[in-house]
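If you read the sequence shown in the numbering used here, its first letter stands for residue 12, the second for the next number, and so on. The structure appears below as structure tokens.
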Amino acid sequence: MEASASGDLSDRRPATERQQGLSRRGLLKAAAVTAGGAVLDFGDVSVAEAADTSMTSITATSPDGTNRITMSLVGGVLQWSVKRGGTTVLNHSALGLVLSDGTELGTRNVSVTSYQHWTKDSTWTPVFGRNATIRDHYQEMRWNLRDGTSGVGFSVQLRAYDTGVALRCVLLDTGSATISDELTTWVFPDNTTIYSARDEDAYSPVAPDAIPYTGTSSTDNGNLSDLPLLVTLDSGLFATVCESSRVNYPRSMVSSVTGADAGNTLKTYLMKKSARSSGATQNTTTVTTPFATPWRVLVLGDQAGDLIDNAELVLNLAPACALPDTSWTKPGKVFRCELTTAAGTQGVGFAVARNLDYIEYDAGWYGPEFTTIDATAAISAIDLPAVIDYATGHGIGVFLYVNRIAATDPDTLFALYRSWGVAGIKLGFINDGTQAMTNQIIAWAETAAKHELLIDMHDDVRSWGYERTYPNWISLEGVRGNEQFPTATNNVLLPFARNVGGPMDYTICYGQSRDRTTNTHQMAMAAVYYQPLNFLYWYSKPSAYANAANWPGLAWFDAIPTTWDKSTTVVASLGEYVAVARRSGRTWFLGAMNNEDARTVPVPLDFLDSDTSYTATIYADGTAGSTPHATPTVVSTRTVTSATTLGVTMTSAGGQTMIFTPVS
Numbered sequence: 012m013e014a015s016a017s018g019d020l021s022d023r024r025p026a027t028e029r030q031q032g033l034s035r036r037g038l039l040k041a042a043a044v045t046a047g048g049a050v051l052d053f054g055d056v057s058v059a060e061a062a063d064t065s066m067t068s069i070t071a072t073s074p075d076g077t078n079r080i081t082m083s084l085v086g087g088v089l090q091w092s093v094k095r096g097g098t099t100v101l102n103h104s105a106l107g108l109v110l111s112d113g114t115e116l117g118t119r120n121v122s123v124t125s126y127q128h129w130t131k132d133s134t135w136t137p138v139f140g141r142n143a144t145i146r147d148h149y150q151e152m153r154w155n156l157r158d159g160t161s162g163v164g165f166s167v168q169l170r171a172y173d174t175g176v177a178l179r180c181v182l183l184d185t186g187s188a189t190i191s192d193e194l195t196t197w198v199f200p201d202n203t204t205i206y207s208a209r210d211e212d213a214y215s216p217v218a219p220d221a222i223p224y225t226g227t228s229s230t231d232n233g234n235l236s237d238l239p240l241l242v243t244l245d246s247g248l249f250a251t252v253c254e255s256s257r258v259n260y261p262r263s264m265v266s267s268v269t270g271a272d273a274g275n276t277l278k279t280y281l282m283k284k285s286a287r288s289s290g291a292t293q294n295t296t297t298v299t300t301p302f303a304t305p306w307r308v309l310v311l312g313d314q315a316g317d318l319i320d321n322a323e324l325v326l327n328l329a330p331a332c333a334l335p336d337t338s339w340t341k342p343g344k345v346f347r348c349e350l351t352t353a354a355g356t357q358g359v360g361f362a363v364a365r366n367l368d369y370i371e372y373d374a375g376w377y378g379p380e381f382t383t384i385d386a387t388a389a390i391s392a393i394d395l396p397a398v399i400d401y402a403t404g405h406g407i408g409v410f411l412y413v414n415r416i417a418a419t420d421p422d423t424l425f426a427l428y429r430s431w432g433v434a435g436i437k438l439g440f441i442n443d444g445t446q447a448m449t450n451q452i453i454a455w456a457e458t459a460a461k462h463e464l465l466i467d468m469h470d471d472v473r474s475w476g477y478e479r480t481y482p483n484w485i486s487l488e489g490v491r492g493n494e495q496f497p498t499a500t501n502n503v504l505l506p507f508a509r510n511v512g513g514p515m516d517y518t519i520c521y522g523q524s525r526d527r528t529t530n531t532h533q534m535a536m537a538a539v540y541y542q543p544l545n546f547l548y549w550y551s552k553p554s555a556y557a558n559a560a561n562w563p564g565l566a567w568f569d570a571i572p573t574t575w576d577k578s579t580t581v582v583a584s585l586g587e588y589v590a591v592a593r594r595s596g597r598t599w600f601l602g603a604m605n606n607e608d609a610r611t612v613p614v615p616l617d618f619l620d621s622d623t624s625y626t627a628t629i630y631a632d633g634t635a636g637s638t639p640h641a642t643p644t645v646v647s648t649r650t651v652t653s654a655t656t657l658g659v660t661m662t663s664a665g666g667q668t669m670i671f672t673p674v675s
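Laid out in structure tokens, this is it:
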């Protein structure tokens with residue numbers, strides 16, 4: 012169960028965040044309101060409210076003074092801007108909402124009705140994650156505003172963390188509202204590069220005004236890119252654009268703004284169609300007010316690796332865990348079985364031998380997935396009760412794949428699966444995008460939690476921090492992973508882009524001839540990527556690894572967990588290489604991945620305990636083969652300390668992994 016702590020010893024409420032260091036000017040107790048059925052946290056804190064409503068700007072500054080997010084009111088028009096360390100990240104950019112009756116909140120005749128601010132500093136304990144504890148430390152500034160034409164009351168909240176900044180709009184009046192567009196833009200400095208990708212395409216570096224035009228007759232069309240969006244600035248700073256806490260609202264993309272005056276502007280785009288199918292179009296979003304839009308987030312860093320280390324900002328902006336009991340939410344490693352009874356029992360044996368946690372029956376276990384809407388009975392080739400009994404008897408859980416067309420009555424279906432002893436569900440072809448699909452995805456996660464089932468959502472679905480709220484929502488896809496056998500360059504961009512937004516189901520392939528990387532590169536993914544539900548040995552079968560001596564990477568996968576006590580990016584160069592170290596207990600695991608250019612990278616081990624010697628088991632690329640896949644993995648051991656710097660040599664599309672075990 013998620014728990015938190017702060018310096019206030021008089022306040023020990025479990026599973027809620029508490030605040031300290033609050034501003035004391037004109038104290039006002041902020042209230043909680045509901046938005047679209049979800050509780051909106053208006054701080055649960057004593058809030059300082061200023062009487063001066065004639066101010067023309069407010070700035071939230073991160074606790075370390077590095078990040079500043081400013082909102083200005085110029086001639087009745089709202090703008091926002093961002094700086095890091097005095098360097099511009101965003102120039103003056105628009106913000107606001109358009110209602111269905113044509114009312115534009117933020118573009119004209121806006122006045123300030125009140126001003127609030129506070130600082131919060133707390134820590135919370137995730138059910139599992141990249142780190143054992145997470146600090147939630149920020150300054151918030153808020154203007155309550157009035158549109159002078161329509162009389163609509165609304166608010167804009169700014170937050171500044173050491174790890175980045177965020178803002179969101181809140182419709183304050185009680186009743187309902189229909190939103191047709193979001194006016195938020197992102198005006199970057201000159202010579203900014205963004206890494207654009209849609210659906211599961213590879214990331215392409217382009218100027219902000221040059222996102223390619225994409226779309227089909229059944230999807231949103233335009234110069235559109237999905238989030239998370241990686242951004243590199245000419246100043247040398249790095250950013251990843253994300254969203255957090257999306258409820259009863261469409262998923263956002265960003266679009267290029269073209270034209271002579273567009274400059275380096277991106278506009279927030281609210282999806283009107285689902286990502287891949289001809290589902291119902293939703294041109295507007297009707298909500299019960301008060302209502303908060305999702306947070307628009309900039310994860311920031313001076314170095315590329317900072318983006319990986321600062322990814323928990325997305326979780327800090329999401330609602331706290333909603334589950335009273337999380338003892339059954341178990342992350343782990345998964346092996347996909349072929350669709351027979353024998354393959355299932357063999358998969359269980361392989362899972363036991365290889366220290367895996369789950370087996371999975373994927374598409375087809377109940378019949379052809381696109382024509383079978385009944386997922387309550389297995390095909391004749393699978394004696395499912397026997398496999399589940401065999402698996403649970405050996406301490407292995409079972410996941411079942413379900414296409415969304417067979418999940419129209421999730422309460423009944425999930426209850427049935429739970430009665431069978433199933434541990435989790437992998438939902439396929441989730442067409443995230445519209446307000447209705449956002450709510451459907453949350454409902455699937457809630458219903459799965461009700462029946463104590465883990466859930467992995469596949470295809471073009473993107474995270475918005477709700478794996479914190481429903482930690483049984485253990486993974487999701489929305490990534491160009493090994494179902495496409497992408498390039499090494501694609502793989503070394505993912506930690507700074509897609510994976511900043513949340514967990515990703517990449518499906519690691521070890522020993523696959525279709526891999527465009529070395530086996531050691533595939534091994535490194537288990538440490539570099541955050542994947543609490545990690546599908547290993549994808550497209551393979553146990554018999555492929557019958558002679559374990561031919562597969563030195565098996566011992567690495569046997570040992571590595573999927574969630575961590577501490578994580579740190581050791582070295583990184585965007586699009587070239589990355590090395591991440593993660594600790595479980597006293598043992599550290601390091602993964603390093605390379606693009607197509609062979610190189611040796613110095614990797615300092617100063618993350619290790621300074622008073623301890625470690626035995627390093629090193630899995631490295633051997634002499635380069637005729638293809639990356641043909642490059643062998645060579646294993647060696649040596650003693651190291653925190654003062655050691657290793658020269659990590661990686662071949663083209665290669666990698667290296669290490670296990671650091673304290674010397675007794």
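Glycine residues also receive a C-beta, built at the ideal position from the N, C-alpha and C atoms.
| field | Limits of the unbroken alpha helix (DSSP H) element including L156 | value | Note, L156: premise wrong, no alpha helix (DSSP H); beta strand (DSSP E) at I145 to D158.
| task | Kindly indicate which three-state DSSP category V490 falls into: helix, strand or coil? | result | coil
| field | Under 8 Å between C-beta atoms of T304 and R157 | value | no
| Looking at the unbroken alpha helix (DSSP H) that takes in S430, where does it start and where does it end? | P421 to W431
| With distances taken from CA atoms, which of M536, Y550, A583 and G162 is nearest A315? | A583
| query | Assuming Y630 and P563 make a contact with CB atoms under 8 Å, what is their CB distance in whole Å? | reply | 6 Å
| said: Using a 10 Å radius around the Cβ and a threshold of 16 neighbouring Cβ atoms, would you call T189 buried or exposed? | reply: exposed
| For L504, the three-state DSSP class (helix, strand or coil) | helix
| said: By DSSP's criteria, E254 is part of a beta bridge. Which residues make up the other side? | reply: R307
| request: Go through the stretch 288–342 residue by residue and report every complete run of the alpha helix (DSSP H) that reaches 4 residues or more, in order. | output: 315–320 and 324–327
| When the distance is taken between beta carbons, is S267 closer than 8 Å to T277? | Per the sequence presented here, residue 277 reads as Leu, with Thr not at that position. Yes.
| message | Measuring straight from C-alpha to C-alpha, what distance separates R257 and E193? | response | 14 Å
| query | In chain order, which continuous runs of the beta strand (DSSP E) of length 3 or greater are located wholly inside the stretch 611–636? | reply | 625–632
| CA-to-CA distance, N530 to W306, given in whole angstroms | 39 Å
| query | Does the Cβ of S647 have 16 or more other Cβ atoms within 10 Å, making it buried, or fewer, making it exposed? | reply | exposed
| query | Using DSSP with H/G/I as helix, E/B as strand and the rest coil, what is V659? | reply | strand
| Cβ pair T114, T300 closer than 8 Å | no
| query | For the stretch 500–512 against the stretch 481–488, are there 3 or more C-beta pairs whose distance is under 8 Å? | reply | no
| request: Pull up the distance between the alpha-carbon of V85 and that of L182, whole angstroms please. | output: 21 Å
| message | Please identify the residue among G97, G233 and T279 whose C-alpha is closest to the C-alpha of E254. | response | T279
| message | Report the start-end ranges of each beta strand (DSSP E) in the stretch 94–134 that is 3 residues or longer and not cut off at the edges. | response | 98–105 and 108–110
| request: Classify N545 as buried or exposed, calling it buried when 16 or more other Cβ atoms lie within 10 Å of its own Cβ. | output: buried
| message | Which same chain residues end up closer than 6 Å to L657 when comparing Cβ atoms and leaving out the 5 residues on each side of it in sequence? | response | V614
| request: Go to I581, then tell me how far its beta strand (DSSP E) extends in each direction, as first and last residue. | output: The sequence given here has Val at residue 581, not Ile. Note, V581: beta strand (DSSP E), K577 to S584.
| field | Presumed contact (8 Å Cβ cut-off) between Q293 and P553, rounded CB distance | value | Actually they are not in contact, since the Cβ atoms of Q293 and P553 sit about 46 Å apart, beyond 8 Å.
| query | Can you give, in chain order, each stretch of the beta strand (DSSP E) that sits fully within the stretch 390–420 and has at least 3 residues? | reply | 408–414
| message | Taking the straight line between their C-alpha atoms, what separation do you get for C332 and E478? | response | 9 Å
| task | Output the distance between the C-alpha atoms of T580 and F507, rounded to the nearest integer angstrom. | result | 11 Å
| task | Leaving out five residues on either side along the sequence, give the residues of the same chain with a beta carbon under 6 Å from the beta carbon of D528. | result | A small correction: the amino acid at residue 528 is Thr; Asp does not occupy that position in the sequence shown. Result list for T528: A499, P639 and A664, in chain order.
| field | 8 Å Cβ cutoff met for A538 and R593 | value | yes
| Which value, in whole angstroms, describes the spacing of the CA atoms of L326 and N414? | 28 Å
| task | Given a cut-off of 8 Å, decide if L89 and L504 are closer than it, judged by their beta-carbon atoms. | result | no
| task | Any chance you could list the beta strand (DSSP E) runs of at least 3 consecutive residues sitting entirely within the stretch 182–212, in chain order? | result | 196–198 and 204–207
| task | Note the first and the last residue of the continuous alpha helix (DSSP H) segment covering I441. | result | Taken as a continuous stretch (DSSP letters only), I441 belongs to no alpha helix (DSSP H), as it is neither H nor E.
| task | Using the Cα positions of E488 and M264, report the straight-line distance between them to the nearest angstrom. | result | 17 Å
| task | Name the two residues that bound the continuous beta strand (DSSP E) containing K278. | result | T276 to L281
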